[in-house]
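Under the working numbering, think of the first position of the sequence shown as -10, with each following residue one higher. Below is one structure, written out as structure tokens, with a few remarks after it.
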Amino acid sequence: MFYYDVSMVGNVGKFYSELTYAHEGELAVGTIVKVPVGKKDSLGVVVKKRYEAPDFECKPISKVVVDTPLPRHLIEVHDWMCRYYATSSGAVWQTFLPARVGIKPRAVKDDDLNNLFNDKPLENANVISGVKLNDVQAKAVREIEAVESGAVLLRGITGSGKTEVYKQIAADTLAAGRSVIILVPEISLTAQLVMNFRARFSDVVVTHSAMTAAERNRVWRAVLTAKRPVVIIGPRSALFLPVKNLGLVVIDECHEPSYRQEKAPRYNTLTVASKMCSEALARLVLGSATPSISDYYLAKRLNRPIVTMDKLARPGAARPMTEIVDLTKRDNFSTESHIFTAPLLKVMRQALNNHRQVLLFHNRRGTAGTAMCKNCGWTAACPNCFIPLTLHGDKYQLVCHLCGFTTRPPLKCPDCGNAEIVYRGIGTKRIEEEAKKLFPKATIKRFDGDSEKGQGVQDLYGDLHAGKVDIIIGTQTIAKGLDLPHLAVVGVVQADAGLMLPDFGASERTFQLVAQVCGRVGRSDQPTVAIIQSYRPDEPAVRLGAAQDYADFYDTEIRERQRGHFPPFSYLLKLTCSYKTEACAVRAANKLASEIKGKFGDQKIKILGPAPSFYERLRGMYRWQIVVRAVNHATLVEIANFVEQASKGRWAIELDPGSLL
Ligand code: ADP
Ligand code: ZN
Ligand code: ZN
């Protein structure tokens, strides 16, 4: 008889995350089994083999569900994630395994990856086969491959040809008999990349968030039992596919927020991939034109290699002509429009006359109410936290969502004395109406969170790429990654909009979006223009975003983070409760805050709040939050565990939150 520790899949009860079972035969660590727990059977993963019989009685394993064991690196990463994020073990397994893991799909012929995944033809992607790497790209490949394993940051400006670099390293990894995982931030970008990879590699496995449970299961089995090394392309969840002999993980556009899983089990893909690659002795390439401030700081501090690509890849490509237009200056407007300034209207008109495209970007999440001076761009900020205050119309108060500070909105601007204070930004619908009014003959498409099914960027990518849409209007989804050959003008409607969000990451996010959207033009030899409208043209995020100057922005922003004691100079734990009444939420928040202070007050922590959450009312509930800041991550894990036990699930717990919103 053999004895095994089995880690339960799913929520079998908090105290049953691991149990010991007996089995007649030998089982490898990583084998997925069915075991009895109480009166029921549960799925589990063999995580340890015991060399001695335990001194308590063990039930037998009921059944071996999958013969092929999970690769070792997944077992290690599972264990690490449970500890680092103070999260439920069973939930982490559920993230790793497909829902139908116990059902063997009929279609899998073990060695038939190619047929299985090459079924979806894609149109309109601009595949260049047999591109010869330029000097900068070749150098980047050499520098990345000089690193045996671990993370490399690849900072390459938009259009520098990072995809070709990924392809070359992927080819070399496959040639060494090891598998590759390429992560992309969202579906709309997958199509371009997949075309590109399929033109060169035969075994390309693609996953996406819209797959059915059956498809997911097929892909998972096929990867688990693959006889050859494979290339996997997919969203963050693809990181957990059971590849053997993982040799390379690429995280493309690694600054994107979608690499954070925001629902339980919460995790940051970059952090997990970094852990995974060090377990598997694989390379990790973090690619972006605008890496997150924290990641860049970390790379520098840990002496990780940073590879830079500063040259446009396409021969003859010319940078766009960029202009920042000050919205506080009346002269910049004609009588035609209050939304589009005269310089923007002029280039829009030119482009449309020449049958070329215009892209208008607006950061809609930034339309939160705050107080801003229309004359000088002054914005109300918290004196304690240096983040913007949010307007609460009902109480006519400006509130800091981090520390709870409140004040009355000023009647006139404290900086310039002007009485015209604005409280709310414009939305994309307004922009669309304005564009329709001014350009009635143009074909206009708007993309934002409200886009209907089948009307998203990925659905209409073919039309956008072919120039069938004259004016593209949208939020975040149109800022990144798109390669649009007919595009002549990028207009940023109000570049500072995102700076109004009460979050330490607001400036960085604004910089990234402005830089990314300006990177949509200047990719070919055609002349192009980027017009950036802003009430605060001198803000580093706006000015340096327009110039796509990462190095300068990093230097400025890292000082701000240090001043505010924000990441990467501290770790954060965000705790949110929701109750039917505000009084209950406030009471619970105060109670928990004082409990944390009482129990952990002697350690190096700072409790910010309680304060109302930014999204204060969600589904009829009142939400309040507490943010705990610490120098030590382990302290926050302790507090997280304490809160979990004390609150019985009443509090949402976020370690290393991506934002404080
Ligand atoms: P990035 O992802 O770094 O923004 P891309 O990988 O999208 O840049 O490349 C930008 C453009 O340059 C693409 O159209 C690509 O086909 C082209 N390109 C990349 N490398 C080369 C090369 N070595 N020679 C010619 N064109 C290239
Ligand atoms: Zn003012
Ligand atoms: Zn504050």
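Beta carbons are placed, not taken as given, at the ideal position from N, Cα and C, and that holds for glycine. Model, not experiment: these values are computed from the prediction.
Name the residue from the options whose alpha carbon lies nearest to the alpha carbon of residue i.
i	options	result
R39	P246, G366, L427, H12	H12
Q537	G79, M310, A165, I21	M310
K29	G451, T57, V173, K48	K48
I282	F631, T57, F500	F500
P646	V220, F85, R255	R255
I628	R72, K37, D459, A600	R72
S513	K300, R249, G33, L291	K300
V54	K23, G27, W69	K23
V136	E242, S267, L59	S267
L380	G534, M489, L316, K363	M489
G393	F329, I615, E7	I615
I460	V1, H475, I313	H475
Just verifying my parser: in three-state terms, what is the DSSP assignment at residue i?
i	result
G451	helix
P246	helix
W613	strand
A408	coil
Y385	coil
W209	helix
L380	strand
G587	helix
D124	helix
P218	coil
F542	helix
C573	helix
I146	coil
N103	At N103, the pLDDT of 48 sits below 50, so the modelled position is not reliable and the matter cannot be decided from this model.
I117	Residue confidence for I117 is low, a pLDDT of 47 falling below 50, so the modelled location carries little weight and cannot support an answer.
V347	strand
N189	The sequence given here places Arg at residue 189; Asn does not occur at that position. Note: R189 maps to coil in three-state DSSP.
S651	Given that the chain is displayed from residue -10 to residue 650, the structure contains no residue 651 and the question cannot be resolved.
D437	coil
V173	coil
D108	In this prediction, D108 scores a pLDDT of 41, lower than 50, which makes its location untrustworthy; the coordinate-derived value is nonetheless stated afterwards. It is coil, neither helix nor strand.
D721	Residue 721 falls outside the range modelled here, since the chain spans only -10 to 650, and no answer is possible.
K580	helix
F329	coil
I92	coil
K426	helix
Run the CB neighbour count on residue i, radius 10 Å, all protein chains shown included, and call it buried at 16 or more, exposed below.
i	result
E46	exposed
E112	Low confidence applies to E112: its pLDDT is 39, below 50, so where it sits in the model is not reliable, and the reading given next is rough at best. Classification of E112: exposed, given that the 10 Å Cβ count is below 16.
K637	exposed
V141	buried
E251	exposed
T20	buried
D44	exposed
L607	exposed
P526	buried
Q522	buried
K569	exposed
L400	exposed
R95	exposed
V411	exposed
N206	buried
G150	buried
Q465	buried
D492	buried
E546	buried
S77	buried
E643	buried
L291	exposed
H351	buried
R385	In the sequence under discussion, the amino acid at residue 385 is Tyr, which differs from the Arg named in the question. Its Cβ having fewer than 16 others within 10 Å, Y385 is exposed.
T432	exposed
M718	Given a span of -10 to 650 for the chain in the structure shown, any question on residue 718 remains unanswerable.
H454	buried
T356	Legend: pLDDT at T356 = 47, less than 50; position of this residue unreliable, no value from coordinates given.
Is residue i close to chain B? Criterion is C-beta to C-beta, closer than 8 angstroms.
i	result
Y285	Structure shown: chain B not included; a single protein chain is present.
Checklist entry - Residues with a Cβ closer than 5 angstroms to any heavy atom of ligand 2, in chain order? => result C362, N364, C365, W367, C402, D404, C405, N407
Item to check | Length-filtered (3 minimum) beta strand (DSSP E) runs lying within the stretch 5 to 83 | outcome: 7 to 12, 21 to 26, 29 to 39, 52 to 55
Checklist entry - Got a list of residues with beta-carbon closer than 6 angstroms to any non-hydrogen atom of ligand 3, in chain order? => result C371, N373, C374, C389, L391, C392, F394
Checklist entry - In chain order, which continuous runs of the beta strand (DSSP E) of length 3 or greater are located wholly inside the stretch 225 to 270? => result 235 to 241
Item to check | Contiguous alpha helix (DSSP H) assignments of at least 4 residues, all confined to the stretch 458 to 525 | outcome: 495 to 507
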